[in-house]
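See structure below.
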Amino acid sequence: MSILMLIGGFKYSPKDRQSPTSSSPFAPNSSPTARVTLRRATIRSAPTTECTGGEELGFEENTRPATPPELTQPSSQPSHDSNRTAHTNSFKHSPPIVHGIQLVSPYDLPDRLRQIFPYELFNAVQSQCYEPIYKSNNNVVISAPTGCGKTILLELAICKLIEGHKSGEFKIVYQAPTKSLCSERTRDWGRKFSHLNLTCAELTGDTNQHEMIKVRDASIIITTPEKWDSITRKWKDHQKLLQLVKLFLIDEVHVLKDARGATLEAVVSRMKSSDSNVRFVALSATVPNSEDIAVWLGKNCTQKDVPAHLHRFGEEFRPVKLKKHVYGFDGQANDFVFEKVLDGKLPGLIQKHSQKKPIMVFCLTRKACEKTAALLADWWSRQRDIDRTWPAPTQRTRVGKKELQEVMLCGVSFHHAGLDQQDRLAVETSYLKGDTNVICCTSTLAVGVNLPCHLVVLKGTVGYQGGDGPAELSDIEVMQMLGRAGRPQFDDSAVAIIMTRKSNIDRYQKMVSGQDVLESTLHLNLIEHLNSEVGLGSIKTLHEAKNWLMGTFLSVRMRLNPDYYKLEGIPLERDTDHRLELVCERDLKLLQDHQLVSRNDSFMCTEYGNAMSRYMVTFDTMKSILSLPEQATTEDIVSKALPKPL
Ligand SMILES: Nc1ncnc2c1ncn2[C@@H]1O[C@H](COP(=O)(O)OP(=O)(O)OP(=O)(O)O)[C@@H](O)[C@H]1O
Ligand SMILES: [Mg+2]
């Protein structure tokens, strides 16, 4: 008898459920990963270490799984499998109640949709959202901690759309902030929805030729805000395609507050103001003001003034208990010297928190990965056998790179984009098999590969991506790395450590505890976005410009926190509506003054304005280009017109 059948007096009575076909892509627990993890869990558990220490700020989240562990396991454990051969969609008694929420079974769905969900029951978060997402067409905002199973909510929204549009005449857009998240989604949904003839197209690359064909042919378009922005900026000629978008899924909507959030805000506001009837479903990590996102999106296209349906789930819904620590160290000005400080502290922290379970150490460069791996291997090899922080590898892994081979003898490895495919795979497999206990990696492993990790360490918080020189990691980068700890299939508790400068403690503490209020960043690039909307024809008059601006997240937040938004030349003492009007007038005038926008009866982009929009050039760069003399030399162009060093 399955453990599922006897939970707290709940009796589950299978009758005639069908078994998923053997070709089903869903068999998570039959994977080597899950088997190895189970093996690891049984042989390597050790008492929990409580954390103290002057430099550290630790706080524990949740101590109770959202769903009993038995329920959170995907249903391919042997006992589950046998039950699936004969299940029914009728419960003899009520299904279990978790956190006061009665769990819903995927077997309530029609057969062809049910197989998308490889679980006996939806968890508490999913069950609570089942009605608003699957039984209604209104916009929905869900804020819940990482690892809560939010992806299923998007899949339910897709199911709802399919049910309502049997003709298949629709397009779904999924937006995630990173290419790797998009790739992961494309792989997963490509398989999951193929039996329904829904094709997925990933649009994240740089080539243009194929894009429109892909958009035209696919039912589900998986893309980043930047890419969708650049495509829809050129969509004047493809209005029909745009009209086909019926569902807009926004994953990780909390990136609104990152520097790139303005693009997300602009594309969503563009979709909102298009005439088509689009449903929005937005997922967010824990943020204190998720209701502002609901206000921004509105209930539906006819009731934009009523907030979207909002559900917030606290940390108690996190299926795996995650203890987070922010360790601040006295920061030397020089990053190189600071890295040495972190090197000195890392082994001690690992010893304190790892419980002999798998560890991932995120390093900020490839070189740092290799050096850190060498450091840990050396430290481990000098420990006495009985004191060792992780067990010795039981077998040797064959890898090509010499430095990798050396550290792997000590149960340590590194993983980054500079490794060849074979070595990367060897590292992943060896870690999954339990022969390697530590991976020092770059953010390439932050998404995608589902590796069982108990302890995640962020060794430093200064990143070198984007070409703008060193910069503190963004929220999304940090949350993705921390999210590697304690994936539900692998662990029931986990630890995440951020090592940073003392001066950053407050920032990261707020970030990981979800206290950071979500603010808009649209005001920082407002003029570029106004120009694109004029180019697209969605803004033709000052009135339309103001309306567009009133429909942004910026306007929602400016009303609530006016002091935060300092707009050059616009007095703070004015009320928000007035300030928004002034900024609108000012920017449209600037665009006209620089011949980017012309105005006869209505606003229109000039050739320059269209080029600025199509090629995503900033206003400042455009101004410099336009100020070049006609016979500009190469030096003039390079020194004045090109954007400052990338
Ligand atoms: N009802 C369920 N029962 C058991 N496992 C589930 C259930 N729903 C989701 N999971 C598993 O939980 C894990 C986390 O799911 P998912 O990635 O959707 O979470 P998330 O909330 O989007 O997290 P993140 O913030 O990291 O993106 C996945 O491995 C998934 O297979
Ligand atoms: Mg997710």
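Numbering (the working numbering), first residue to last: 7 to 652.
Glycine included, each C-beta is placed from N, C-alpha and C at the ideal position.
Since we're looking at a predicted model, the values are computed, not measured.
Give every residue of the same chain whose Cβ lies closer than 7 Å to the Cβ of residue i, excluding the five residues on either side of it in the sequence, and list them in chain order.
i, result
"residue 470", "370, 371 and 476"
"residue 537", "597, 602, 603, 611, 615, 618 and 619"
"residue 398", "417"
"residue 422", "372, 375, 447, 448 and 450"
"residue 188", "182, 208, 210, 228, 229 and 230"
"residue 530", "268"
"residue 622", "236"
"residue 574", "none"
"residue 551", "536, 545, 590 and 594"
"residue 224", "205, 206 and 207"
"residue 115", "165"
"residue 233", "209 and 210"
"residue 497", "326, 458 and 460"
"residue 222", "247"
May I ask you to check if the CB of residue i is nearer than 7 Å to at least one heavy atom of ligand 3?
i, result
"residue 157", "With respect to small molecules bound, the structure shown includes ligand 1 and ligand 2 and not ligand 3."
To which residues does DSSP link residue i through a beta bridge?
i, result
"residue 300", "The partner list for residue 300 (beta bridge, DSSP) is empty, contrary to what the question assumes."
"residue 654", "There is no way to answer for residue 654, as the model of the chain reaches only from 7 to 652."
"residue 108", "103"
"residue 289", "148"
"residue 126", "Bridge partners of residue 126: none, in fact."
"residue 237", "According to DSSP, which records beta bridges pairwise, residue 237 is partnered with nothing at all."
"residue 491", "459"
"residue 610", "604"
"residue 206", "226"
"residue 265", "Partner(s): none; residue 265 has no beta bridge."
"residue 507", "335"
Looking at residue j and residue i, is the spacing between their C-beta atoms short of 8 Å?
i, j, result
"residue 5", "residue 304", "No answer is possible for residue 5: it lies beyond the span of the chain, which begins at 7 and ends at 652."
"residue 178", "residue 107", "no"
"residue 334", "residue 511", "yes"
"residue 502", "residue 488", "yes"
"residue 111", "residue 101", "yes"
"residue 130", "residue 171", "no"
"residue 144", "residue 331", "no"
"residue 220", "residue 209", "yes"
"residue 159", "residue 121", "no"
"residue 150", "residue 319", "yes"
"residue 380", "residue 413", "yes"
"residue 535", "residue 528", "yes"
"residue 273", "residue 238", "yes"
"residue 465", "residue 382", "no"
"residue 153", "residue 493", "yes"
"residue 405", "residue 384", "no"
"residue 337", "residue 509", "yes"
"residue 436", "residue 400", "no"
"residue 468", "residue 483", "no"
"residue 252", "residue 368", "no"
"residue 540", "residue 609", "yes"
"residue 431", "residue 420", "no"
Could you pull out every residue in the same chain whose Cβ sits closer than 6 Å to the Cβ of residue i, ignoring the five residues on either side in sequence?
i, result
"residue 499", "327"
"residue 533", "593 and 625"
"residue 490", "366, 459 and 462"
"residue 1", "As displayed, the chain neither begins before 7 nor continues past 652, which places residue 1 out of reach and without an answer."
"residue 564", "571 and 582"
"residue 646", "630"
"residue 301", "313 and 562"
"residue 254", "179, 277, 284 and 286"
Ordered along the chain, which non-local residues of its own chain (more than five positions away) have a Cβ less than 8 Å from that of residue i?
i, result
"residue 46", "In this predicted model, residue 46 has a pLDDT of only 39, less than 50, meaning its place in the structure is not dependable enough to derive any value."
"residue 396", "360, 362, 365, 386, 417, 443 and 444"
"residue 310", "278, 304 and 557"
"residue 259", "147, 270, 288, 289, 290 and 299"
"residue 561", "555, 582 and 586"
"residue 201", "118 and 121"
"residue 3", "Past the boundaries of the shown model lies residue 3; the chain is included only from 7 to 652, so the question cannot be answered."
Query - Three or more C-beta pairs below 8 Å linking the stretch 248 to 256 and the stretch 269 to 288 - result: yes
Query - Meets three-Cβ-pair contact criterion under 8 Å: the stretch 261 to 273 and the stretch 126 to 137 - result: no
**Report entry** Ordered list of alpha helix (DSSP H) runs contained in the stretch 531 to 602, each at least 4 residues
**Finding:** With a minimum length of 4 residues, the continuous alpha helix (DSSP H) runs that stay inside the stretch 531 to 602 are 532 to 542, 548 to 556, 559 to 566 and 582 to 599.
Requested in this report: Enumerate, from N- to C-terminal direction, the unbroken beta strand (DSSP E) stretches of 3 or more residues contained entirely within the stretch 390 to 470.
Outcome: 418 to 421, 444 to 447 and 461 to 465
Report task. Please go through the stretch 300 to 346 and give each complete beta strand (DSSP E) segment of 3 or more residues, from N-terminal end onward. Result -> 315 to 318 and 327 to 335
Query raised in the report: Touch check for the stretch 165 to 181 and the stretch 221 to 241: three-plus C-beta pairs under 8 Å?
Result: yes
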